[in-house]
Amino acid sequence: MASIRSLAFVGAVGGAGTTRTAVECAAALARDGREVVVLDAAYATQGLGEFVSGRIDPDVTELCLDPDRPLADGLYDLDAAVDARIELAPAHAPFERLARATGDDAAQVLGERVAEAVARADHVIVDVPPVAANPPIAAVHSVDRVAIVAPDTDHGADGRRRQRDVLRDIDVPDGDPASVAVAAPGSAGRSDESGSAEADADATIPRGPSEFAAAPACLGTDTFAAGVVAATETLFETELDVEFEDRGVIGRLGAGVDRVRGGE
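The numbers in the numbering used here rise by one with no breaks, and the one at position 138 of the sequence shown is 362.
Here you go:
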């Protein structure tokens, strides 16, 4: 089965860990020599820009307001020790430009930028906030798969259900979005009888370094790295040539692959 080329990570709630998940999964793909572009549709938080050293000019909002400008003008390399390039298209703009970039025409261009990125790289990831504006709507309509990212808490589970309803209301092409449970620092997880969102999530990002700027942290051989690689394999319906000493660990963490692929 061919792997997923483009995927939108949609936050179920604010602070779900969506940007961090996007960067970690991009690094997991790049460990296997795959080139990745990550586009920022979370204009309000602009978290992707924190992974770019130096000036961001132009940013993704400028690219969407000036459709004749090449996508490459607004791509910035992520500094990571991987075998392939990871390029970021962050949002970094004053409020006035952010407001203009949320208009219908600019949002439509965002979808076109996703298509340009697919032609440029092996995989494209879009960092999407909870869907409530034009850019997120355009983003989820321009990718092969949507994955809802939620912390492993009751609040996260509620947000995931709300986002599924929203995605159904706006008729996204991916009629069955995947779900990603992110281990919440300092949390014991959900309190329902399942004990954890991991029980009903398609993929799980285990607890890792708490510092946001520490990403990507999945470049080693520890349990966190194995969990990110397993989640990435599941979500992109692929196998990554990344070795871990304990293959049993990644096998257990990747148990959701068969479910997403429909069984093999």
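The beta carbon of each residue, even a glycine, is placed where N, CA and C say it ideally should be.
Open item on the list: Judging by CA-CA distance, which residue of ASP368, ILE280, VAL406 is the nearest neighbour of ASP378?
Closed with: Counting from 1 along the sequence shown, the entry for residue 378 is found at position 154. For the options ASP368, ILE280, VAL406, the alpha carbon positioned closest to that of ASP378 is the one of VAL406.
Open item on the list: Quick check for students: name the residue ranges of the alpha helix (DSSP H) that lie wholly in the stretch 339-387, counting only runs of 4 or more.
Closed with: DSSP runs (the alpha helix (DSSP H)) wholly in the stretch 339-387: 358-364.
TODO: Measure the CB-CB distance between VAL352 and VAL234 and report whether it falls below 9 Å.
DONE: Here the question's residue 352 lines up with position 128 in the sequence shown. Here the question's residue 234 lines up with position 10 in the sequence shown. Cβ atoms of VAL352 and VAL234: closer than 9 Å.
Open item on the list: Taking the straight line between their C-alpha atoms, what separation do you get for THR245 and THR447?
Closed with: In the sequence shown, the residue the question calls residue 245 occupies position 21. In the sequence shown, the residue the question calls residue 447 occupies position 223. Whole-angstrom Cα-Cα distance: 15 Å.
- [ ] Rank ARG337, ALA449, PRO401 by C-alpha distance to the C-alpha of ALA251 and give the top, closest one.
- [x] As a first step, residue 251 must be located in the sequence shown, where it is residue number 27. The option with the nearest alpha carbon to ALA251 is ALA449.
Open item on the list: Judging by CA-CA distance, which residue of THR456, PHE460, ALA232, GLU461 is the nearest neighbour of GLU248?
Closed with: Taking the first residue of the sequence shown as position 1, residue 248 is located at position 24. Checked all of THR456, PHE460, ALA232, GLU461; the closest Cα to GLU248 is THR456.
Task: Sequence-distant residues of the same chain with beta carbon closer than 6 Å to ASP346, five excluded per side - done: Your numbering for residue 346 matches position 122 in the sequence shown. Once the five neighbours on either side are set aside, the close Cβ partners of ASP346 are ARG258, GLU259.
TODO: Have a look at the DSSP bridge pairing and note the partners of GLU311.
DONE: Residue 311 sits at position 87 when you count from the first residue of the sequence shown. For GLU311, which the question treats as bridged, DSSP gives the partners VAL261, ASP301.
TODO: Could you name the residues of the same chain whose beta carbon sits closer than 7 Å to that of GLY298, not counting the 5 residues immediately before and after it, in chain order?
DONE: Here residue 298 refers to the residue found at position 74 of the sequence shown. Contacts found: PRO282, ASP283, VAL284, GLU286, LEU287, ALA313.
Open item on the list: Given this structure, state the Cα-to-Cα distance separating ILE372 from ARG386, to the nearest angstrom.
Closed with: Start at 1 with the first residue of the sequence shown, and residue 372 comes out as number 148. Start at 1 with the first residue of the sequence shown, and residue 386 comes out as number 162. Taken atom to atom, the span from the alpha-carbon of ILE372 to that of ARG386 is near 10 Å.
Task: 6 Å CB neighbourhood of ILE228 in its chain, flanking five on each side removed - done: The count along the sequence shown starts at 1 and reaches residue 228 at position 4. If we look at ILE228 and ignore the five residues flanking it on each side, its Cβ neighbours are ASP368, ARG369, PHE460, GLU461.
Open item on the list: Could you tell me the alpha carbon to alpha carbon distance between VAL481 and ASP426, rounded to whole angstroms?
Closed with: In the sequence shown, residue 481 corresponds to position 257, counting from 1. In the sequence shown, residue 426 corresponds to position 202, counting from 1. Any reading at VAL481 must be qualified, since the residue scores a pLDDT of 44, below 50, and its modelled position is unreliable; no value is offered.
Open item on the list: With H, G and I counted as helix, E and B as strand and the rest as coil, what does DSSP make of PHE275?
Closed with: The residue you call residue 275 lines up with position 51 of the sequence shown. Correct three-state label for PHE275: helix.
Open item on the list: I'd like the span of the beta strand (DSSP E) that includes PHE233, first residue to last.
Closed with: To locate residue 233, count along the sequence shown from 1; it is residue 9. For PHE233, the enclosing beta strand (DSSP E) starts and ends at 230-235.
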